[in-house]
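In my numbering, the protein residues as written are 428 to 528.
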Ligand SMILES: [Zn+2]
């Protein structure tokens, strides 16, 4: 998975497809990412104690990393990510315009 926290991504599937947002969490082992303000679902919480009210809370659910595409910061297009080796460090490049991300 080549998406990192702080990247801007475009949703390709699900109810928020074609919307863009910022990655706020990356779970490498599960291959899932959480995008700020996208894939938000309502959850109904029951009252747990006497006198407490049940409420509807909004939960941002993680999505599979393959269901999003990175939005390139220089060409603003949803793109795939390539890798380039520059000396001894690897860098990510935009497949569409070739810019280093
Ligand atoms: Zn680009």
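The C-beta atom is built at its ideal place from N, Cα and C for all residues, glycine as well.
Inter-residue Cα distance where the pair is residue i and residue j
i	j	result
residue 486	residue 461	11 Å
residue 517	residue 488	30 Å
residue 504	residue 473	43 Å
residue 526	residue 513	13 Å
residue 528	residue 449	15 Å
residue 494	residue 445	11 Å
Boundaries (first-last residue) of the beta strand (DSSP E) holding residue i
i	result
residue 512	508-513
residue 521	516-521
residue 440	It is not in any beta strand (DSSP E) - residue 440 carries neither H nor E in the DSSP assignment.
residue 461	459-462
residue 496	495-498
For residue i, the nearest candidate out of the options (CA to CA)
i	options	result
residue 439	491, 467, 433, 523	491
residue 432	495, 484, 456, 452	452
residue 470	484, 459, 476	484
residue 459	476, 500, 436, 445	436
residue 454	523, 502, 428	428
residue 430	524, 499, 523	499
Nearest-angstrom Cβ-Cβ length linking residue i and residue j, presumed shorter than 8 Å
i	j	result
residue 434	residue 465	Contact doesn't hold; Cβ gap of about 13 Å is too wide.
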